[in-house]
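**Q** Provided herewith is a single structure, encoded as structure tokens, for subsequent inquiry.
There are 2 protein chains.
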Amino acid sequence: MDGGAPVTTTTGGGGGGSGGGPAPFLLKTYEMVDDTMTDDIVSWSGSMKSFVVWNPPEFARVLLPSYFKHNNFSSFIRQLNTYELRRKHAYFRFLAECCCSIADIM
Amino acid sequence: MDGGAPVTTTTGGGGGGSGGGPAPFLLKTYEMVDDTMTDDIVSWSGSMKSFVVWNPPEFARVLLPSYFKHNNFSSFIRQLNTYELRRKHAYFRFLAECCCSIADIM
DNA sequence: GGGAATATTCCC
DNA sequence: GGGAATATTCCC
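If you read the protein sequences in the order shown, they are chains A and B. For the first sequence, full-length UniProt numbering gives the first residue as 1, with consecutive numbering after it. For the second sequence, full-length UniProt numbering gives the first residue as 1, with consecutive numbering after it.
Below you can see the structure in the form of structure tokens.
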């Protein structure tokens with residue numbers, strides 16, 4: 001609907017059948033962080049076990065809408081906290097507003 | 001994020017406090033149908049108690065994204081069915097894929 | 001059509 | 001941070 005921006009190949013947005021792999025949110029976040037094209041906005045941390053949002057405004061304005069159906073940093077954090085709470089697979093661990101970590105295997 | 005398209009003044013997307021009035025979906029759908037600028041795509045029916053989607057493809061491609069965070073006709077119908085099921089306020093009644101009705105007061 | 005999983009928002 | 005309401009998707 002916008003032209004540019006990377007179009008994820010992962011499942012859609014909402015929910016439905018869990019299928020097998022991790023939740024769409026986790027996959028999309030992984031892809032987003034892993035994309036070296038946008039390392040100036042968000043990238044893995046030195047330990048590679050967490051990621052850092054270097055430019056929160058650009059992260060919210062440009063990156064979020066290309067992976068999710070919104071452009072709110074707080075909504076992204078809310079989701080992050082959801083998976084931390086459930087610890088369904090313990091992929092993510094929230095540390096601070098601009099510093100999150102991935103716990104184990106993906 | 002797109003420039004054109006009518007930007008609704010109603011609540012946001014998701015949920016949160018119910019506040020007071022009808023759900024955002026009902027308000028947005030009402031506005032969308034009521035907008036005379038797009039009567040060739042969707043408009044009230046003769047009785048004014050139901051609305052007709054005259055051009056489903058354009059409805060999904062152009063109108064839906066400007067009011068909701070998607071462009072799927074089926075997702076719109078799903079919501080319509082949700083409110084029919086609950087009959088929370090009995091605003092809408094689903095009749096057919098391209099012909100829905102509004103039951104009472106708005 | 002609708003159940004259920006996931007997403008997005010609002011509010012505390 | 002997280003509860004809860006609403007939205008979006010997937011599947012039957």
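Ideal Cβ positions, reconstructed from N, Cα and C, are used throughout, including at glycine. Bear in mind that the values here come from a model prediction, so they are computed numbers and not experimental data.
Counting pairs of Cβ atoms below 8 Å between the stretch 62-71 of chain A and the stretch 53-67 of chain B, do you hit three or more?
**A** With the cut-off at 8 Å, the stretch 62-71 of chain A and the stretch 53-67 of chain B do not touch.
**Q** Nearest-angstrom Cα distance between A/M32 and B/I41?
**A** Rounded to the nearest angstrom, the two C-alpha atoms are 37 Å apart.
**Q** Identify, in the order they occur along the chain, each residue of the same chain with its Cβ nearer than 7 Å to the Cβ of B/Q79, setting aside the five sequence neighbours on each side.
**A** Excluding positions up to five away in sequence, the list reads F25.
**Q** Give the DSSP-derived three-state secondary structure of B/F73 in the structure shown.
**A** Three-state result, B/F73: helix.
**Q** Since I believe A/P56 is in contact with A/F73 (beta carbons under 8 Å), could you give me their beta-carbon distance rounded to a whole number of angstroms?
**A** Indeed they touch by this definition, with Cβ atoms about 6 Å apart.
**Q** Would you report the Cα separation of B/H89 and B/P22, rounded to the nearest angstrom?
**A** With a pLDDT of only 38 at B/H89, under the threshold of 50, the placement of this residue in the model should not be trusted; the figure read from the coordinates follows. Computed Cα separation, rounded: 8 Å.
**Q** Return the chain-ordered list of same chain residues with a C-beta closer than 7 Å to the C-beta of A/H70, the five sequence neighbours on each side being excluded.
**A** Within the same chain, A/H70 has close Cβ partners L64.
**Q** Whose C-beta lies closer than 7 Å to the C-beta of A/W44 among residues of the same chain, with five residues either side of it excluded?
**A** Taken in chain order, the residues that qualify are V33, F51.
**Q** Excluding the 5 residues preceding and the 5 following B/T9 in the sequence, name in chain order all residues of the same chain whose CB lies nearer than 8 Å to its CB.
**A** Note that B/T9 scores a pLDDT of 44, beneath 50, so its modelled location is shaky and nothing firm can be said.
**Q** How long is the line joining the alpha carbons of A/D104 and A/T29, rounded to whole angstroms?
**A** Low confidence applies to A/D104: its pLDDT is 37, below 50, so where it sits in the model is not reliable, and the reading given next is rough at best. Cα-Cα distance, rounded: 14 Å.
**Q** Considering just the uninterrupted stretch of the alpha helix (DSSP H) at residue 121 of chain A, what are its terminal residues?
**A** Lying before the first or after the last residue shown, residue 121 of chain A is absent from chain A, which here runs from 1 to 106.
**Q** So what does DSSP say about A/F59, is it helix, strand or coil?
**A** Helix, per DSSP.
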